[in-house]
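According to numbering that gives the first Met the number 0, the sequence shown is numbered sequentially starting from 0. Virtual Cβ for every residue (Gly too), placed ideally from N, Cα, C. Since the structure comes first, as structure tokens, the remarks are kept for the end.
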Amino acid sequence: MVTIDFMESLLLMASEAESLVGWKDRSFERTLKQQLLKILEEAELLFGPRDRSYEMLEPRISESFYATPAIYPFRKIRIFLTKEARLAPYYATYELAHEAVHVLSPVYMLRPTLLEEGLATYFSFKYVKRIHDIQYETTGDRHYDSAFRAVSRLMSENEFVIKELRTRQPVISRIDVKLLVEVAGIDLDLARFLCGDFLNYRQPPIPWTAGATQTARLFARGVQSLWDQWSSETKS
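Have a look at this one:
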């Protein structure tokens, strides 16, 4: 079975190759970069400084089924968004906010922990609620949702706990069990869960169609939230 990770890599490569052929209006991508930089400022306030030795390139829309950051040579990073990001501002915000957490402490080929994926989901939900007044409570994927719930437990007592942890270990996915227990004061079982390898947790790999379904569900939830908000305003 062809997995999403392999196909996604091909789609990202195709997106970069397409950008090299002919002239293309980059105004939308420039707008996305300005939005990303604002999001990163807020993420840094909550979770500590990002590694500024990496240059953030303009985000790019691709045909991929999920957003992802790509680390390039010479310490450059480009975030690839899904095509849904072009259709709805709130969804672009959601994807940028999620990926912003991943680029705070990027390490090439380092596999994310449940802590990092859960934190990315936690922050994206929080940011979209503040900017667009859209309340996400689930991604539609039980693995991301489990990571999100675990991080919500971690953050419930101290919203700045990640910032404190990163003074000891700046790379989020290298924060270990001992550090979580000592600094955050959480129980051992939760700490072990958060330090687990997220990609292993998601095994077996999600097939192509499942990835498309996950993106569609999340996009649909945002549309429904906007519709509900518009309906209530027109009735009042």
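Looking only at its chain, what residues have a beta carbon closer than 7 Å to the beta carbon of Glu94, apart from the 5 residues adjacent to it on each side?
Ala66, Leu80, Thr81, Ala84
Quick one: grab the DSSP three-state call for Phe147.
Per DSSP, reduced to three states, the secondary structure at Phe147 is helical.
Using CA atoms only, rank isn't needed, just tell me which of Thr30, Leu198, Leu31 is closest to Glu116.
Leu198
Best match in Leu187, Glu98, Gln33 for proximity to Lys177 [C-alpha to C-alpha]
Leu187
To which residues does DSSP link Ile242 through a beta bridge?
The requested residue 242 is not part of the displayed model; the chain covers only 0 to 235.
Report the partner residues of Thr112 according to the DSSP bridge assignment.
Asp196
May I ask which residues mark the beginning and end of the alpha helix (DSSP H) holding Glu163?
160-167
Under the rule that 16 or more other beta-carbon atoms within 10 Å means buried, what is Tyr89, buried or exposed?
So Tyr89 ends up on the buried side.
Applying the 10 Å Cβ sphere with the 16-neighbour rule, what's the burial state of Leu113?
buried
Can you have a look at Tyr71 and say buried or exposed, based on whether 16 or more other CB atoms are within 10 angstroms of its CB?
When all chains shown are included, Tyr71 counts as exposed.
On a Cα-Cα basis, can you pick out the residue from His142, Val182, Met154, Lys75 that is closest to Arg167?
Val182
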